[in-house]
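Novice:
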Amino acid sequence: LKQGNFVGNWLGFRGSFDIYYDINSYNSVTMNINIGGHQKSNEGEESVSLNDFIEPEIFYLVTDTSLNKDTEYEYTLNYVKQYPNNPGQELVFSLQYGSHIHDDNKIIYQDGFEDNVIDNRMLGNGYELTGQIDYIHPFGDDNKLELGVKRIGRYTTNDYQTDFTTMINWLSLDALTNVFYYNQEVS
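Listed below in structure tokens is the structure:
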């Protein structure tokens, strides 16, 4: 028999800031800054009564606490050049930087039967850098040539670790920790 309660909270935020500037009729710059994220917390507690009708009834308590934080940032800068003698002809330079931080922590306590504390943590962060150049050249009223080059670099690290107060025989200590690196470059 289990009986308990649970409380969860969620707090999120998001905001952005944009700037548009026309240098002249044919050259302009745009910039965007964006930030967002959330924080989630949960707390639970259960009283457990274990009765298999052979052994004496066992009473124990399980508590569960977690905290998750996620924050993302993004910065974008664009330069656009248009050509006065050829409407529709355009050259665009773009640069974007994004970053993220994602941290999770979960702690489980069991008290009164096979007492144990399990602390599970994952700390993650990384960034992405994107550069792009696009060119459009019209031919007549219905045709145009579009050329572009883009490069993306993604770099992420996640550090994972689980700690126990009572070790489990069949579980290797190496299985309880890991640092994961993810790097990707796309052109």
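Just so you know, this note's numbering puts 269 at position 178 of the sequence shown, and the rest follows in order with no gaps. For glycine and all other residues, C-beta sits at the position ideal for the given N, C-alpha and C.
At which residue ranges does the stretch 182-260 contain complete beta strand (DSSP E) runs of 3 or more residues, listed in the order of the chain?
Specialist: Those beta strand (DSSP E) runs which fall completely within the stretch 182-260 and span 3+ residues are 207-230, 234-255.
Novice: Measure the Cβ-Cβ separation of LYS93 and SER157 and say whether it is below 9 Å.
Specialist: Contact flag unset, no.
Novice: Using the C-alpha atoms, what's the distance from GLN130 back to LEU102?
Specialist: Cα-Cα distance, rounded: 5 Å.
Novice: Are the beta-carbon atoms of ASN100 and ASN142 separated by less than 9 Å?
Specialist: Taking 9 Å as the Cβ cut-off, ASN100 and ASN142 do not qualify as a contacting pair.
Novice: Can you check DSSP and say which residues form a bridge with TYR273?
Specialist: Answer by DSSP bridge pairing, in chain order: THR247.
Novice: Return the chain-ordered list of same chain residues with a C-beta closer than 6 Å to the C-beta of TYR117, the five sequence neighbours on each side being excluded.
Specialist: Cβ within range, chain order: GLN173, PRO175.
Novice: Helix, strand or coil: which one does DSSP assign to LEU102?
Specialist: LEU102 falls in the strand class under three-state DSSP.
Novice: Assign LEU92 to one of three DSSP states: helix, strand, or coil.
Specialist: Reduced to three states, the DSSP call for LEU92 is coil.
Novice: Can you give me the Cβ contacts of ASP113 inside the same chain, cut-off strictly under 7 Å, excluding the 5 residues immediately before and after it?
Specialist: Around ASP113: SER119.
Novice: So ASN159 and ILE192 are in contact, right, with Cβ under 8 Å, and what is the actual spacing, rounded?
Specialist: Wrong, their Cβ atoms sit about 11 Å apart, outside the cutoff.
Novice: I'd like to check one pair, THR162 with GLN187: are the Cβ atoms closer than 9 Å?
Specialist: Not closer than 9 Å, so no.
Novice: Can you give me the C-alpha to C-alpha distance between SER190 and ASN234, rounded to a whole angstrom?
Specialist: Between SER190 and ASN234, the C-alpha separation is close to 39 Å.
Novice: Tell me the rounded alpha-carbon separation between SER140 and LEU152.
Specialist: Distance between the alpha carbons of SER140 and LEU152 is about 9 Å.
Novice: Excluding the 5 residues preceding and the 5 following LEU182 in the sequence, name in chain order all residues of the same chain whose CB lies nearer than 7 Å to its CB.
Specialist: Only LYS172, TYR226 meet the Cβ criterion.
Novice: For the ligand GDP, is there any heavy atom lying closer than 8 Å to the beta carbon of PHE255?
Specialist: As far as ligands go, the structure on display features none, and thus does not contain the ligand GDP.
Novice: For GLN252, count neighbouring C-beta atoms within 10 Å of its own C-beta (all shown protein chains included) and say buried if the count is 16 or more, exposed if not.
Specialist: With fewer than 16 other Cβ atoms within 10 Å, it is exposed.
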